[in-house]
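Novice: If you scroll down you'll find the structure; I have some questions about it.
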Amino acid sequence: MDKFVIRGLNKLSGRISVSGSKNAALPIISAALLTEDDVILSNIPHLKDINTMIKLLEDLGCSCIEKNNNLHINCKDVKSTVAKYELVKTMRASVLVLGPLSSRFGKATVSMPGGCAIGVRPVNLHINALKSMGADVAIKKGYVVVKSERLKASEIYFDIPTVTGTENVIMMAVLADGETVINNAAKEPEIVDLVNMLLKMGADIEGAGGSVIKVRGVEKLHGCEYRVMNDRIEAGTFMCVALSTKSSFEIDNVPINAMDAIFEKFKESGGTIQILSDKLISVSADTVKPVNITTSVYPGFPTDMQAQFMAALSLSNGTSVINETIFENRFQHVAELNRMNADIIVSGNEAVVKGVKNLYGAKVMATDLRASASLVVAALAACGTSEIRRIYHLDRGYERLEYKLSKIGADIRRVKQ
Ligand code: EPZ
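Residue numbers for the sequence shown follow numbering that gives the first Met the number 0, so the first one is 0 and each next one is one higher.
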C-alpha cells in the first residue's frame, strides 16, 4: 500500500489543472449499456473507480478501449446481466448499472453495494423506483434481482434527492413505455452532464438540474461522442490547498458554473478568486477566517467538500462550526487532523473547529476518499513532515495528485510500500 510523504509550509505558485469529473464519468460510462452502438467518451480521468466501472462493463461482455483520457465502449455483445459482489464491494457506484441493465435487458442481478466508511449507503430508493415501474425486484443472497418486461413509466417521489438514485431512474426511464416523472430529483451538475449525453443518444428528457425531471421513453438509443465535464470537487480541493498554505496560484479546467457554493465559502473564509477565462481562475489567501458550514444537496455546500474545508479551517483565526447533514459518519478525518495538532471536537453530526496557530507533521491514515484529501490539505500547511498511509483511498478520486501538486511547488512524493 502506497503512502505520501509531504514536507509542509512550501508556498505554492503556478498553474494546476483539474481532470474530468469522477462522479459524472461513472454514470456516463454505465449509460453506454443502453445502446449496442459505439459510445466514445473523452476527458475521462485515470482513477481507480473508473477502472472498476470499466472492469464491471467488461465482465458483462462490453468492449472498452482506453487511450489517454478517451474511452471507446461498445456494449453490443452483453453476455451477462450479473454485477458481481467482488467488483461491486470495491465501489458502491457500481449500483449505476442497475438502471441500464433493467432498462435494456429487462433483467439485472446486481450485488447490494454494502456500506462504506462514510455510511450505510442504502439503495432502497433505487429499488422502490424499479418496483413502481413494474419490475419484479427481490433481494437474494445480497443481490438485487430484477425481472421485468419493458419497464413502464411511473410517477416517482424521492424521500431524499439521491444523486445516483436520480441517475439510475433516468436510465431506467429512457427506454420505458410512457412518461416518467421524477419528483424531488437531485440537481447535481453531474446529473445534467449524464442527461446531456443521453440527449445526444436520442433520449427525450426535460428538467435536469431541477427537482422535477420528465423522461419520455423511446424505442432505442444510438451511440454518441461525449466529453465529460470537469471535476468541481477536485477544483474545490485545490482551493482548500490555497487556503491552508496561504498561496496564490491558477487553477485550469474549472467547471465555473458548478462552483457557486464552493466559491462563496472560499471567499467567506478569506480567499480571493479572479475569473481569468471560462475555465481558468486564480485563487489566493493570506489568512483563513472561521466560517460555519452546513452540508446540503446541490446547489448547497457539497458534502464532498466538507473534509477539505475542515482541514483549512483548522488553521483559521477563530472557531468554525461544521454540520454534516448528508452522511452519518463523515468525520473520520477529525481524529487524524487532531493528531496534527488541530483542535476539533465532534458531537453527533456537528464538528467545532477551533483554529490553531500551527499544524505539525505526523504519521496519519486515510480512511475514505475525501478524508484522505483533507489530510493532504493539512499536511501541505503543517510544520515538518507527514506520512499519509492507505492512499489507495485517494487514488479512487484524484488523478496523479502528487504530480499535479509538485508542479506548483509542493514537497510531496509517493512511496511505494
Ligand atoms: C453521490 O453518492 C456521490 N457519488 C457521492 O460522492 C456524494 O457524496 C453523494 O452523491 C452526495 O452528494 C457518486 O456520484 C458516484 P446519495 P450517492 O444517494 O448517490 C441516502 C465522493 O466522495 N440514501 O445522494 O450514493 C444516503 O444514505 C462520493 O465522490 C438513501 O437513504 O449519494 C445518504 O444519506 C462519496 N436511500 C443520502 O441519501 C437510497 O436509496 C444521499 O445519498 C439512496 C440514498
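Don't be surprised by glycine CBs; every beta carbon is placed ideally from N, CA and C. From a predicted model like this one, the values you see are computed outputs, not experimental measurements.
My guess is that L97 and H125 are in contact by the Cβ rule of under 8 Å, so how many angstroms apart are they, rounded?
Specialist: By 1-based counting over the sequence shown, the position of residue 97 is 98. By 1-based counting over the sequence shown, the position of residue 125 is 126. Indeed they touch by this definition, with Cβ atoms about 6 Å apart.
Novice: Note the first and the last residue of the continuous beta strand (DSSP E) segment covering F248.
Specialist: In the sequence shown, counting from the first residue as 1, residue 248 sits at position 249. Where F248 is concerned, the enclosing beta strand (DSSP E) starts and stops at 247-251.
Novice: Note down the Cα distance separating A207 from L8, rounded to an integer number of angstroms.
Specialist: Position 208 of the sequence shown holds residue 207. Position 9 of the sequence shown holds residue 8. A207 and L8: Cα-Cα distance of roughly 43 Å.
Novice: Just to confirm, does N22 get its C-beta within under 6 Å of one of the non-hydrogen atoms of the ligand EPZ?
Specialist: The residue given as residue 22 occupies position 23 in the sequence shown. Yes; taking the cut-off as 6 Å, the Cβ of N22 has a heavy atom of the ligand EPZ nearer than that.
Novice: Quick one: give me the first and last residue of the alpha helix (DSSP H) that M258 is part of.
Specialist: The sequence position of residue 258 within the sequence shown is 259, counting from 1. From DSSP, M258 is part of no alpha helix (DSSP H); its letter is neither H nor E.
Novice: Compute the minimum distance between the beta carbon of T163 and the heavy atoms of the ligand EPZ, and state whether it is under 6 Å.
Specialist: Residue mapping note: residue 163 aligns to position 164 of the sequence shown, counting from 1. For T163, the CB falls within less than 6 Å of some heavy atom of the ligand EPZ.
Novice: Pick from K278, P112, G216, N67: whose alpha carbon is nearest that of S153?
Specialist: By one-based count along the sequence shown, residue 153 stands at place 154. That would be G216, whose Cα lies nearest to the Cα of S153.
Novice: Relative to the ligand EPZ, is the shortest distance from any of its heavy atoms to the C-beta of D259 smaller than 6 Å?
Specialist: Here residue 259 refers to the residue found at position 260 of the sequence shown. Answer for D259: no, Cβ out of range of the ligand EPZ.
Novice: Report the CB separation of V253 from N229 in whole angstroms; it is logged as a contact under 8 Å.
Specialist: Your numbering for residue 253 matches position 254 in the sequence shown. Your numbering for residue 229 matches position 230 in the sequence shown. Confirmed, Cβ separation roughly 7 Å.
Novice: Specify whether the region 55-65 and the region 104-113 touch according to this definition: at least 3 beta carbon pairs, one from each stretch, less than 8 Å apart.
Specialist: No, the region 55-65 does not touch the region 104-113.
Novice: Taking only heavy atoms of the ligand EPZ into account, decide whether any of them is closer than 6 Å to the Cβ of N348.
Specialist: For the purposes of this step, residue 348 is taken as residue 349 along the sequence shown, with counting starting at 1. False, no ligand heavy atom lies under 6 Å from that Cβ.
Novice: With a 10 Å radius around its C-beta and 16 neighbouring C-beta atoms as the bar for buried, classify K219 as buried or exposed.
Specialist: In the sequence shown, residue 219 corresponds to position 220, counting from 1. Counting Cβ neighbours within 10 Å, K219 comes out exposed, since fewer than 16 surround it.
Novice: Given the structure, does V145 come close to the ligand EPZ, in the sense that its CB is under 6 Å from one of the ligand's heavy atoms?
Specialist: Numbered from 1 along the sequence shown, position 146 holds the residue referred to as residue 145. No - the ligand EPZ has no heavy atom lying nearer than 6 Å to the Cβ of V145.
Novice: Once you ignore the five residues that flank G118 on each side, which residues in its own chain have a CB closer than 6 Å to its CB?
Specialist: What you label residue 118 is simply residue 119 of the sequence shown in a count that begins at 1. Within the same chain, G118 has close Cβ partners F326, E327, N328.
Novice: If you scan the region 333-408 from start to end, which runs of the beta strand (DSSP E) of 3 or more residues do you find wholly inside it?
Specialist: Uninterrupted beta strand (DSSP E) stretches at least 3 residues long and entirely within the region 333-408 occur at 342-346, 349-353, 362-364, 384-388, given in chain order.
Novice: Taking the runs of the beta strand (DSSP E) that are 3 residues or longer, which of them lie wholly in the region 39-105?
Specialist: Correct list: 62-66, 69-73.
Novice: If you measure between the beta carbons of G360 and S385, is that distance less than 7 Å?
Specialist: What you label residue 360 is simply residue 361 of the sequence shown in a count that begins at 1. What you label residue 385 is simply residue 386 of the sequence shown in a count that begins at 1. Yes, Cβ-Cβ distance for G360 and S385 is below 7 Å.
Novice: What does F300 pair with, by DSSP beta-bridge criteria?
Specialist: In the sequence shown, the residue the question calls residue 300 occupies position 301. F300 pairs with T294.
Novice: From G235 to M0, what distance separates their C-alpha atoms?
Specialist: Residue numbering aside, residue 235 sits at position 236 when the sequence shown is read from its first letter. Residue numbering aside, residue 0 sits at position 1 when the sequence shown is read from its first letter. Between G235 and M0, the C-alpha separation is close to 27 Å.
Novice: On the DSSP bridge assignment, give the partners of Q273 in chain order.
Specialist: As a working note, residue 273 is residue 274 in the sequence shown. DSSP output for Q273 lists S281 as bridge partner(s).
Novice: Please classify R231 as buried or exposed, where buried requires at least 16 neighbouring CB atoms within 10 angstroms.
Specialist: On the sequence shown, position 232 is the one that residue 231 refers to. The Cβ neighbour count for R231, taken over all protein chains shown within 10 Å, is at least 16; the residue is labelled buried.
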